[in-house]
């Protein structure tokens with residue numbers, strides 16, 4: 001096998017970055033819908049809330065598998081350090097996602113235990129979202145390593161900071177979920193989603209503010225990245241634009257906009273994601289290994305890239321198509337009811 | 001008793017993949033069966049194939065959904081518990097696994113929705129194509145996952161640089177020496193597994209005099225298929241065994257519980273292998289037959305376990321030894337059933353012989369037992385290595401884990417799986433009780449236009465329970 005001369009790391013960084021973000025966005029809003037599900041007033045609203053994501057949730061979740069496997073294939077060192085370091089959050093997330101996933105079907109068929117499956121769906125979503133937030137927090141804080149291995153303990157990932165990011169992500173997903181529900185519902189249910197959306201937005205903004213203040217204080221590298229000259233000028237638009245989006249989001253939650261709350265929530269996620277990327281690039285195992293340190297062999301990256309370039313656009317097209325099929329307001333007569 | 005993270009991680013991996021494996025073992029064959037039924041309906045125009053197909057699609061939907069949720073667990077297992085394996089081998093196995101994920105994802109996004117919900121939305125030929133693509137998709141998935149497994153059993157096409165495997169030749173990696181044999185053996189096994197489930201369900205209907213026309217068609221066509229596949233499995237298994245003798249002689253010695261290298265090897269029908277004393281107790285053996293089967297020569301020489309130091313022998317040896325005997329024992333039962341079916345068919349009594357139909361119902365889970373036994377044989381037989389002869393299992397486990405950590409996670413997986421899998425099984429049994437005729441009378445208010453939703457709603461008569 002001849003070694004490719006071009007550096008494929010940027011390509012893989014892009015694919016993985018976009019893939020992870022798509023997962024966060026897509027499963028984010030349907031986990032958020034599951035979180036808000038617990039606040040729904042009656043069974044009819046619960047049915048509608050669940051039906052708004054029933055046809056698409058599992059496609060969203062498959063990005064998680066692809067993200068994990070792509071990380072393993074393209075940046076194995078990062079996979080081998082990060083995944084064992086967040087042993088318990090991953091365990092809790094997987095178990096929560098299993099409960100939540102089968103609840104769609106079992107709630108509908110297993111009428112005797114419907115309340116149990118309602119709780120499974122709701123708490124599964126909350127716990128799954130929280131666990132992902134803990135993973136994010138632990139990732140930003142960095143890991144204790146020795147050679148090419150994680151050298152800390154399995155409970156190191158639970159810190160005040162990672163618990164904060166866990167809670168913040170629950171609010172974040174709730175905001176996405178509220179935006180989705182505003183898009184997909186009408187009348188009193190939509191008003192209900194707007195009210196929850198406002199509360200979620202407050203939680204999100206507090207979370208973003210705390211994380212933005214905490215990280216530069218705790219990590220000099222991050223402070224250096226944001227506050228050194230001329231970077232401070234280059235990156236200054238990020239917080240400014242975030243504040244503007246937050247204001248716009250608050251307004252659209254209060255007026256009659258149908259799509260704006262969802263778009264605003266997505267944009268807030270884009271800005272937060274961008275913020276984290278700016279803070280950490282080019283590190284994939286924060287403060288230890290760069291993307292290039294962690295990359296698999298060029299032959300491995302090339303071999304996997306060929307299929308990805310071919311299949312990923314098709315997957316995206318079909319995903320788009322299935323969203324198109326279920327466009328418009330969710331109806332009471334389609335899906336589980 | 002101290003908790004060993006290595007032992008517990010092995011148990012945990014076996015637990016989550018063992019449960020997961022049951023689902024593809026069923027859905028790979030079922031997808032092909034559905035594709036055949038859809039094709040028969042399209043080309044003969046006989047509506048009965050459609051009714052049978054629609055019935056099995058409902059069961060396929062539930063099992064595929066269970067396969068998805070239990071499958072999400074798998075890639076993370078490799079990271080959480082086997083990080084040193086991940087670091088060492090990911091350059092080689094990473095893309096193979098990722099291709100499996102991509103193919104499964106592609107299949108789910110593209111064709112499963114049409115298969116499950118699109119009968120009324122697309123022309124019949126398009127529905128057939130969707131069924132065919134789902135069947136091919138499951139087979140491609142099988143291809144990649146077995147390619148990964150085979151490379152770990154018989155590694156090829158790699159170089160070792162700084163203690164890590166790096167790819168040298170992708171064709172050699174994908175088609176490692178044991179791969180063609182394993183692929184053929186496993187695909188035949190999962191087809192047979194599905195076949196016996198279909199036969200069992202059809203036989204139950206015939207005994208209950210329900211859905212007689214559908215049941216006869218299912219029973220007849222599936223038994224014909226099994227008449228080919230079951231004898232074929234003996235040939236494929238034999239070829240796979242010769243391959244193991246050549247590439248993994250220690251595994252073969254463990255399977256047969258042979259301790260001393262010698263010629264004219266006897267065949268142990270039963271024994272209690274004693275690892276400490278390095279001997280077999282209570283052995284019941286047939287002289288010469290071992291050599292004949294293993295080497296195709298009455299006087300052939302087979303290596304015994306004592307040729308390897310104790311820390312390079314598969315352990316616990318009773319797993320491959322008994323796993324293999326359970327698998328072969330079930331294969332013999334299956335062969336006897338297939339032969340009996342031919343005899344009954346010749347006498348024209350296939351559909352009326354209650355004792356045989358009872359046997360068919362009882363035999364329906366046998367394929368799963370055989371598949372699990374075979375899997376345990378080959379995986380424990382690979383021990384103490386994750387990458388055979390090169391990377392020890394003990395050197396593959398995540399260094400950061402304590403026994404307590406893994407005990408907690410194992411307990412979590414045990415509880416959740418013991419809720420999920422029985423619940424899913426109960427759901428499928430419910431669908432089977434309702435039977436295939438439901439489909440034609442039900443106006444399908446629920447399903448139409450719901451692609452990408454593999455866990456499908458049962459158009460049941462319990463309308464009152466839906467709200």
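Residue numbers (this note's numbering), protein chains in the order written: chain F, 1 to 337; chain E, 1 to 467. Where a beta carbon is used, it is the ideal one built from N, C-alpha and C, also for glycine. Note that the structure is predicted; figures quoted are calculated from it, not measured.
- As for any alpha helix (DSSP H) of minimum length 4 sitting wholly inside the segment 84 to 141 of chain E, the runs are 113 to 117, ordered along the chain.
- Per the coordinates, the alpha-carbon of residue 231(F) lies some 14 Å from the alpha-carbon of residue 281(F).
- Annotation: the continuous beta strand (DSSP E) that includes residue 281(E) extends over 279 to 286.
- Leaving aside the five residues that flank residue 182(E) on each side, the residues in its chain whose CB is nearer than 6 Å to its CB run, in chain order, 146, 150.
- Approximately 22 Å separates the beta-carbon atoms of residue 239(F) and residue 197(F); this is outside 8 Å, ruling out the contact.
- Not flagged as an interface residue toward chain F: residue 19(E), since no C-beta distance is shorter than 9 Å.
- In the assembly as shown, residue 37(F) is a buried residue. Its beta-carbon has 16 or more other beta-carbons within 10 Å.
- For residue 337(E), the closest Cβ of chain F is not nearer than 9 Å.
- With respect to residue 363(E), residue 334(E) sits close: the two C-beta atoms are nearer than 9 Å.
- Beta-bridge partners of residue 267(E) (DSSP): 286(E).
- Annotation: Cβ neighbours of residue 101(E) in chain F (cutoff 9 Å, chain order): 62, 65, 66, 68, 69, 70.
- At the C-beta level, residue 103(F) and residue 120(F) come within 9 Å of one another.
- In this structure residue 86(F) touches residue 138(F) by the C-beta definition: roughly 5 Å separates them, less than 8 Å.
- DSSP lists 289(F) as the bridge partner or partners of residue 285(F).
- Beta-bridge analysis with DSSP links residue 146(F) to 149(F).
- When secondary structure is reduced to three states using DSSP, residue 272(E) falls in the strand class.
- If you look at residue 216(E), you'll find it isn't in any beta strand (DSSP E); it sits in the alpha helix (DSSP H) that goes 212 to 247.
- A straight line joining the alpha-carbon of residue 141(E) with that of residue 251(F) spans about 48 Å.
- Among the bridge pairs identified by DSSP, residue 160(E) is matched with 165(E).
- Neighbours of residue 151(F) across chain E, judged by C-beta separation under 8 Å: 399, 400.
- The shortest C-alpha to C-alpha distance from residue 7(E) to any of 432(E), 400(E), 393(E), 425(E) is the one to 393(E).
- For residue 308(E), no alpha helix (DSSP H) run applies, since DSSP gives it neither H nor E.
- When secondary structure is reduced to three states using DSSP, residue 385(E) falls in the strand class.
- Neighbourhood of residue 31(E) in chain F, by CB distance below 9 Å: empty, with the nearest CB roughly 17 Å away.
- With a threshold of 16 other beta carbon atoms within 10 Å, residue 162(E) falls short and is exposed.
- A contact is defined here as three or more CB-CB pairs under 8 Å, and the segment 309 to 328 of chain F fails this definition with respect to the segment 31 to 45 of chain F.
- Under the DSSP assignment, residue 405(E) falls in the alpha helix (DSSP H) whose first and last residues are 403 to 434.
- Each residue's CA atom was taken as its position, placing residue 211(E) and residue 361(E) some 16 Å apart.
- At least one beta carbon of chain E lies nearer than 9 Å to the beta carbon of residue 87(F).
- Contacts between residue 130(F) and chain E, judged by CB atoms closer than 8 Å, are missing: the closest CB pair is about 16 Å apart.
- Nothing from the segment 120 to 146 of chain E brings a Cβ to less than 7 Å from some Cβ of chain F.
- The beta carbon of residue 148(F) sits closer than 9 Å to some beta carbon of chain E.
- The C-beta of residue 99(F) comes closer than 9 Å to at least one C-beta of chain E.
- The criterion of a C-beta distance shorter than 9 Å is not satisfied by residue 293(E) and residue 354(E).
- For the segment 71 to 94 of chain E, residues whose beta-carbon sits nearer than 8 Å to a beta-carbon of chain F comprise 71, 72, 73, 75, 76, 78, 79, 80, 81, 83, 84, 86, 87, 90, 91, 92, 94.
- Close to residue 311(F), with beta-carbon spacing below 7 Å, are these residues of chain E in chain order: 102, 106.
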